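One structure is given below, encoded as structure tokens.
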Amino acid sequence: MPLHEATHGNASGRHGHLRWVDDCVGWLSSIPLMFSYRGHQYSHMKHHAHTSDPLRDTDIFIGGPLAELPGKYLIFAWLQLLLPVLKLLPRGQRLLSTPMRRVFESGYEIRFFRRQQRISLLPLVGLSLAGFFWEALLLWYLPSRIGLFVMFLVFAWLPHHPQHERGRYRDTRITLFPGSTLLIRGHDPHLLHHMFPRVHTSACQSYFARFGPPLSSKAHASRVPSPGPGAPKILLR
352 MPLHEATHGN ASGRHGHLRW VDDCVGWLSS IPLMFSYRGH QYSHMKHHAH
402 TSDPLRDTDI FIGGPLAELP GKYLIFAWLQ LLLPVLKLLP RGQRLLSTPM
452 RRVFESGYEI RFFRRQQRIS LLPLVGLSLA GFFWEALLLW YLPSRIGLFV
502 MFLVFAWLPH HPQHERGRYR DTRITLFPGS TLLIRGHDPH LLHHMFPRVH
552 TSACQSYFAR FGPPLSSKAH ASRVPSPGPG APKILLR
């Protein structure tokens, strides 16, 4: 969540002179995940601007049946490592599917992904050369990959599934189930986040208490609170 909040400038809040705090929080929290803060910031803003747009939403490739998500995640994880190579090959990025290609279509994003790879991989290589290969693998690399998959599941797939509709009240949903606030870190009313992206995560629940009832009458019935077809059974009422 610190990475996400920094992306929206919520670490500094309304204090413009403290924007450097967002950058520090974003960079530091992205290192354990081996994830590019600047590249993510750029693509995440496009996601907010074009949510569920099949041509412009940078997260659209994550949509679809839950059973397909692990495969999509593995492709994305490998692309993080191979993208600089594909960028050098003539028409290399054409090897990717169209939704995947749009995620990395900007040279701006690729430059920051490459920089973050160096920052993240150097400590791993250094630890391995120092004789701590298994410790680095089991205590850092594998947990970071698991963490990234959890991000895909609860912050990208679940709040927007099935991504068939667009509109202020239909492209994002509210997903409520026992423990949802803890699991999704306060973003179970994700619709509120898209309506008020500068509201800090800690305030999402209070906003939901205030705006939830009126939204229930406007949002699609399958989105509030039911997660829709294809979601895990535990999420269905």
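Using the working numbering, you'd call the opening residue of the sequence shown number 352 and step up by one each time. Cβ atoms here follow ideal geometry from the backbone N, Cα and C, with glycine treated the same way. Being a predicted model, the structure only gives us computed values, none of them experimental.
For Y520, three-class secondary structure by DSSP: Coil at Y520, not helix or strand.
Contact between the segment 544-552 and the segment 516-536 (3+ Cβ pairs under 8 angstroms): Three or more pairs of CB atoms, one per stretch, sit closer than 8 angstroms, so the segment 544-552 contacts the segment 516-536.
C-beta atoms of R536 and M352 nearer than 8 angstroms: Yes.
Beta-carbon contacts of V505 that lie in its chain and below 7 angstroms, excluding the five residues immediately before and after: Within the same chain, and ignoring the five residues on either side of V505 in sequence, the residues whose Cβ sits closer than 7 angstroms to its Cβ are L534 and I535.
Chain-order list of residues whose beta-carbon lies under 7 angstroms from that of K423 (same chain, five-residue window excluded): Once the five neighbours on either side are set aside, the close Cβ partners of K423 are F412 and I413.
Local Cβ density within 10 Å of W508, reported as buried at 16 or more and exposed below that: Around the Cβ of W508, a 10 Å sphere holds 16 or more other Cβ atoms; the residue is buried.
Cβ-Cβ separation, H551 to E356 (assumed contact under 8 angstroms), whole Å: So it is a contact: roughly 7 angstroms between Cβ atoms.
Among P565, S387, L499 and Y558, nearest to R466 - alpha-carbon criterion: Among P565, S387, L499 and Y558, the Cα nearest to that of R466 belongs to S387.
Candidates R370, T358, A418 and W378: closest to H395 by CA position: Here the closest residue by C-alpha is T358.
Own chain, CB closer than 7 angstroms to T523, minus 5 neighbours either side, in chain order: Excluding residues within five positions, the ones whose Cβ falls inside 7 angstroms are T402, P510, H511, H541, L542 and H545.
Under 8 angstroms between C-beta atoms of L499 and A428: Less than 8 angstroms divides the Cβ of L499 from the Cβ of A428.
Cα-Cα separation, L475 to D404: So the two alpha carbons sit approximately 37 angstroms from each other.
Own chain partners of G364 with C-beta closer than 6 angstroms, once the 5 adjacent residues on each side are dropped: Non-local beta-carbon contacts of G364 in its own chain, meaning distances under 6 angstroms to residues more than five positions away in sequence, are absent.
Counted within 10 angstroms of its Cβ, other Cβ atoms place H368 as buried (16 or more) or exposed: Counting Cβ neighbours within 10 Å, H368 comes out exposed, since fewer than 16 surround it.
Rounded C-alpha distance that separates S479 from R469: So the alpha carbons of these two residues sit roughly 15 angstroms apart.
For L493, the nearest candidate out of L384, G477 and V372 (CA to CA): Each of L384, G477 and V372 was checked against the Cα of L493, and the nearest Cα belongs to L384.
Contact test: R521 Cβ vs the ligand MG heavy atom, cutoff 7 angstroms: Absence of the ligand MG is noted for the structure shown, with no ligands found whatsoever.
Check whether K397 and R407 have beta carbons under 8 angstroms apart: One thing to note: K397 has its Cβ within 8 angstroms of the Cβ of R407.
Assigned secondary structure, G537 (DSSP; H/G/I helix, E/B strand, else coil): The three-state reading of DSSP puts G537 in coil, since its state is none of H, G, I, E or B.
Classification of L420 by the beta-carbon crowding that lies within 10 angstroms, buried from 16 upward: Classification for L420: buried.
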